[in-house]
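Residue numbers (this note's numbering): 169 to 325.
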């Protein structure tokens, strides 16, 4: 299974987008780049952002989650899963953090290939995942077309 672990801030938006689009969380252009990757790789989307549990609720009531789901749906995308919550990770590793959430997910699922889309280094090297991290540029663009090409190459070998 191919998996794209993704954050929102700095990935599906940028500081510039947030400043120029008050009240919006997700840039359609960045979602289009993500859709191009999923179509080319048949990868699953796994959310790693802090409010990820909100997108899996039924019904989804959180406005940010509603916006995300709608913009993903417009591109034919769905979130397949989310990384485990802090309660699941606490006590399992020497520490807690996003890197351990992703490591735990990879360890618990049949993941053959993966990428991590995030604008911040969450100690990926600490758990052996630094080579899978795509550092998106958070100020102006977020997840770009060039990032998308790189991800396609990684996931398709």
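No residue lacks a Cβ here, since even glycine has one placed at the ideal position from N, Cα and C.
Counting of Cβ neighbours within 10 angstroms places residue 248 among the exposed residues, the total staying below 16. Shown here for residue 200: same chain residues with a beta carbon closer than 8 Å to its own, the five before and five after excluded, namely 243 in chain order. Following the DSSP letters along the chain, one finds residue 303 inside the beta strand (DSSP E) bounded by residues 301-303. Between the stretch 176-184 and the stretch 286-303 there are three or more C-beta pairs closer than 8 Å, enough to call the two in contact. For the 8 Å CB-CB criterion, residue 198 and residue 181 form a contact. The bridge partners DSSP lists for residue 213 are 172. Contact check for residue 170 against residue 209 passes: the beta carbons are separated by less than 8 Å. Fewer than three Cβ pairs drawn from the stretch 251-258 and the stretch 226-233 lie within less than 8 Å of each other, which leaves the two stretches out of contact. Positions of the beta strand (DSSP E) runs, each at least 3 residues long and wholly inside the stretch 196-249, are given as 212-215 in order along the chain. Under the three-state reduction of DSSP output, residue 283 falls in the strand class.
For residue 217, same chain residues with a beta-carbon under 6 Å away, outside a window of 5 residues either side, are 175 and 176 in chain order. Taken atom to atom, the span from the alpha-carbon of residue 318 to that of residue 308 is near 19 Å. Note on geometry: alpha-carbon atoms of residue 239 and residue 221 lie some 18 Å from one another. At the C-beta level, residue 323 and residue 281 come within 8 Å of one another. For residue 273 and residue 189, the gap between their C-alpha atoms comes out near 33 Å. Here residue 245 is not near residue 270, since their CB atoms are 8 Å or more apart.
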